[in-house]
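Below: one structure, written as structure tokens.
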Amino acid sequence: MKCSCDLTTRKVIRAVLMVILLSVNVLVGGQAIATDQLTGKLVVTGASTLAPLIAEIGKRFENLHPRVRIDVQSGGSSRGVADARQGLADIGMVSRAMKDEEKDLYAFPVARDGVGIILHNGNPVQVLADEQVVAIYRGKITNWKDVGGKDASITVVNKAEGRSTLEVFLHYFKLKNTDVKAQVVIGDNEQGIKTVAGNRHAIGYVSIGTAEHDESQSVPIKLLPIGGIPASTENVRNGTFPVSRTLHIITRTPPTGLAKAFIDYTRSKAVHDIIQQQYFVPLVD
């Protein structure tokens with residue numbers, strides 16, 4: 187009888203332990219499902235300034251959620267607004283302040299950036315006054331010798347319509363796009379940098395973050411100060427650089443599900459390292 191009781195006791199203990207283990211497994215399994223329940227694809231389109239950053243954040247998000255895909259496409263802020271509004275993209279990217287006529291959209295700031303003037307690093311000109319920049323872009327100054335450079339015609343590089351970098355540049359220098367006399371019209375920042383890097387007599391303007399990154403990779407360009415303030419990410423961060431902007435991601439309706447999860451992640455401290463690696467300025471939480 188004693189042996190039978192011991193056997194019964196052991197069976198009861200084993201049964202209790204099994205119930206406990208099953209309960210733990212269910213809890214753990216439930217948590218695993220809860221943390222990895224995100225699935226699907228997001229299409230994100232718009233500003234070329236913002237696209238590389240969102241693409242890198244998207245890669246990390248995909249690693250955290252293997253059943254999610256983030257498809258990032260550039261094309262300018264105007265495309266981001268149009269695609270989000272028309273439902274062609276889940277999320278749009280806009281590298282400027284939102285306009286009054288865009289207030290029907292939901293905007294979420296993710297970082298700050300500046301817009302800087304770039305020259306080929308072989309150009310001896312080290313600084314241009316604001317009025318000289320305006321005169322160059324209006325076609326009133328056409329030779330570098332008139333601003334302390336060599337005797338060479340200036341190649342003016344301008345951004346295409348629909349680019350936020352264009353709007354920020356025009357706003358600061360109080361220009362209209364119809365005022366600009368450009369020899370070259372470019373789209374994204376990298377195209378602008380490539381154009382100036384390949385032409386010692388060119389002048390252009392691009393995202394400071396993109397320019398700093400390319401300078402660090404030995405691309406032959408240099409950023410000029412504006413208003414006496416060096417064009418740098420640090421001066422965007424401390425608020426002294428005069429030509430800066432907030433970078434936004436936008437949606438047509440209040441985001442839910444996967445879109446909300448990705449937007450929340452993009453605006454979290456978890457990606458501040460990526461923002462800094464891309465030479466942008468994280469927003470303070």
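Going from the sequence shown to the numbering used here is simple: count from 1 and add 186. All C-beta atoms, glycine included, are put in the ideal place defined by N, C-alpha and C.
Going by C-alpha positions, residue 393 is about 20 Å away from residue 309. Judged by DSSP in its simplified three-state form, residue 340 adopts coil rather than helix or strand. The shortest C-alpha to C-alpha distance from residue 435 to any of 305, 291, 255, 325 is the one to 291. Contact between the region 459-466 and the region 381-388 is absent, with fewer than three C-beta pairs closer than 8 Å.
Per DSSP, reduced to three states, the secondary structure at residue 366 is coil, with no helix or strand assignment.
Under the 10 Å beta carbon count, residue 249 is surrounded by fewer than 16 other beta carbons and is classified as exposed. As a beta-bridge residue in DSSP terms, residue 231 pairs with 259, 278. Here residue 375 carries a helix assignment [DSSP, helix/strand/coil].
When the beta-carbon positions are compared, residue 427 and residue 300 come within less than 8 Å of each other.
Counting only residues of its own chain and dropping the five nearest sequence neighbours on each side, residue 451 has a CB closer than 6 Å to the CB of 247. Looking from the CA of residue 276, the closest CA among 357, 282, 266, 336 belongs to 266. When rounded, the separation of the alpha-carbon atoms in residue 361 and residue 237 is 27 Å.
Rounded to whole angstroms, the separation of the alpha carbons of residue 253 and residue 415 is 46 Å.
Take the alpha-carbon of residue 399 and the one of residue 353: they are about 22 Å apart.
Considering only 382, 441, 403, 350, the residue with the shortest C-alpha distance to residue 305 is 382.
Linking residue 425 to residue 417 through their CA atoms gives a straight-line distance of about 11 Å.
Taking 8 Å as the cut-off, the Cβ atoms of residue 378 and residue 316 do not count as close.
When beta bridges are read from the DSSP output, residue 299 appears opposite 431. Bounds of the beta strand (DSSP E) holding residue 408 are 407-410. By the neighbour-count definition (other C-beta atoms within 10 Å, threshold 16), residue 350 is a buried residue. With fewer than three CB-CB distances shorter than 8 Å, the region 355-371 does not count as touching the region 258-273. For residue 391, the three-state secondary structure derived from DSSP is strand. Take the alpha-carbon of residue 445 and the one of residue 227: they are about 9 Å apart. For residue 296 against residue 453, the beta-carbon gap comes to about 6 Å, under 8 Å, which counts as contact.
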